[in-house]
Amino acid sequence: MNTEQIISILPYDDPFLFVDEIEEVQGTGVRGNYTFPKNSFFYKGHFKNNPITPGVILTECCAQIGLVSLGIFLIGDESRLLETKIALVQSTMEFFEPVLPGEKVVVQSKKLYYRFGKLKCKVMMQNVQGVIVCSGELSGMIYDKRDE
Amino acid sequence: MNSHYEELKNIIKIYLPEDVSVDEITPNSHLINELNINSANLVDVVLDVEDHFDITIEDDEIEKMDTVASALEVIDSKINTK
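From first to last, the protein sequence lines stand for chains A and B. 44 is the number that this note's numbering gives to position 14 of the first sequence; each next residue is one higher, with no gaps. 93 is the number that this note's numbering gives to position 63 of the second sequence; each next residue is one higher, with no gaps.
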């Protein structure tokens, strides 16, 4: 599966798609990027007259690139993906630097394990200066829709 | 219960939700339905079991590990065939 296919399969859309490009993906990890548009909906309220990208949105961006995009690659088979649903199940993140409107970020993710439908990754987000803005560990589960 | 019971109990208790006490673990406890361990944490229990007992659990075997006792059966059979 190539990187464009992965993005087209991602189950997100505006205003909650936080992946522009998957730069590289392997069985062991993934790297991708996103530029936060200046008119993103959350800047109006976070914070009042002081727009900064919320930590939960940075976490979401890390999850969409680092967990979901990698998970799609690991499953590989599009028909199998239609029979699954996903959930974020664990998140441990630290935040070091603010991300301002219009900034581009690069997310790198390393697979810690993918066992029994659970993907756990070590993720790191850097700005264009190469400074780490946040990092941590995220886990997601892939469930069969049949099991409901 | 065999000697691995206490070892398994010590692994399970790490993943109990806050509203379930360690005293509620019995051999017949259903890990998901009674001890309220979610499927994500059940994976962690199994990975810890693999490390602790130095065994490998296959994908179709995790489904057999629904109660404490049945998890012990899987663990014991794995250890015995090592």
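Using N, Cα and C, we set each Cβ at its ideal position, and we do this for glycine too.
- prompt: Measuring CB to CB, does Met171/A end up less than 8 angstroms from Ile116/A?
  reply: yes
- prompt: Using a beta-carbon distance cut-off of less than 9 angstroms, what residues from the stretch 60-78 of chain B approach chain A?
  reply: Asn68, Ser69, Ala70, Asn71, Leu72, Val73, Asp74, Val76, Leu77
message: I want to verify the contact list: residues of chain A whose CB lies under 8 angstroms from the CB of Ile92/B, in sequence order.
response: Phe146
Proximal chain D residues relative to Asp89/B, where beta-carbon distance stays under 9 angstroms: The structure shown has no chain D; the protein chains it does contain are A and B.
query: CB Leu97/A to CB Cys151/A, shorter than 8 angstroms?
result: Yes, the Cβ-Cβ distance between Leu97/A and Cys151/A is below 8 angstroms.
- prompt: In chain order, what residues of the same chain have a beta carbon less than 7 angstroms from the beta carbon of Lys175/A, not counting five sequence neighbours either side?
  reply: Excluding the 5 residues flanking it on each side, Lys175/A has same chain C-beta neighbours closer than 7 angstroms at Glu113, Thr114, Lys115, in chain order.
- prompt: With a CB to CB cut of under 8 angstroms and the five nearest residues on each side skipped, what residues in its chain are close to Val50/B?
  reply: In its chain, beyond the 5 residues on either side, Leu65, Asn66 have a beta carbon closer than 8 angstroms to the beta carbon of Val50/B.
- prompt: Would a check of beta-carbon distances place Gln120/A closer than 8 angstroms to chain B?
  reply: yes
field: Tyr45/B versus Ser139/A: straight-line alpha-carbon distance, rounded
entry: Straight-line Cα distance between these residues: approximately 25 angstroms.
message: Closest to Thr122/A by C-alpha separation, out of Gln159/A, Gly57/A, Lys74/A, Leu88/A, would be which residue?
response: Leu88/A
- prompt: Is it true that the stretch 74-87 of chain A meets the stretch 103-113 of chain A, where meeting means three or more beta-carbon pairs spaced less than 8 angstroms apart?
  reply: Result no; under three Cβ-Cβ pairs closer than 8 angstroms.
query: Is Glu48/B buried or exposed, if buried means 16 or more other CB atoms sit within 10 Å of its CB?
result: Result: exposed.
- prompt: What residue does the beta strand (DSSP E) around Tyr35/B start on, and which one ends it?
  reply: Not the beta strand (DSSP E): Tyr35/B falls in the alpha helix (DSSP H), residues 34-44.
message: Which of the three DSSP states is assigned to Tyr73/A in this structure?
response: helix
- prompt: Is there at least one Cβ from chain B nearer than 8 angstroms to Met123/A's Cβ?
  reply: no
field: Lys74/A versus Phe48/A, Pro131/A, Ile37/A, residue with shortest Cα-Cα distance
entry: Pro131/A
query: In whole angstroms, what is the alpha-carbon distance linking Glu124/A and Glu54/B?
result: 34 angstroms
- prompt: Which bits of chain B does Ser169/A rub up against, with CB to CB less than 8 angstroms?
  reply: Ala70
task: Check the C-beta distance from Lys94/B over to Val104/B and give it rounded, since I have them as a contact under 8 angstroms.
output: 6 angstroms
field: Residues of its chain near Asp78/B, where Cβ-Cβ distance is below 7 angstroms and the 5 sequence neighbours each way are ignored
entry: Ile41, listed in sequence order.
- request: For Asp89/B, count neighbouring C-beta atoms within 10 Å of its own C-beta (all shown protein chains included) and say buried if the count is 16 or more, exposed if not.
  value: Sixteen is the threshold: since fewer than 16 other Cβ atoms of the shown chains lie within 10 Å of the Cβ of Asp89/B, the residue is exposed.
message: Which residue wins for smallest C-alpha separation from Val153/A, given the options Leu40/A, Leu168/A, Leu47/A, Leu104/A?
response: Ranking Leu40/A, Leu168/A, Leu47/A, Leu104/A by Cα distance to Val153/A puts Leu168/A first.
task: Tell me, to the nearest whole angstrom, how far the beta carbon of Val60/A is from that of Phe103/A; I am working on the premise that it is less than 8 angstroms.
output: 7 angstroms
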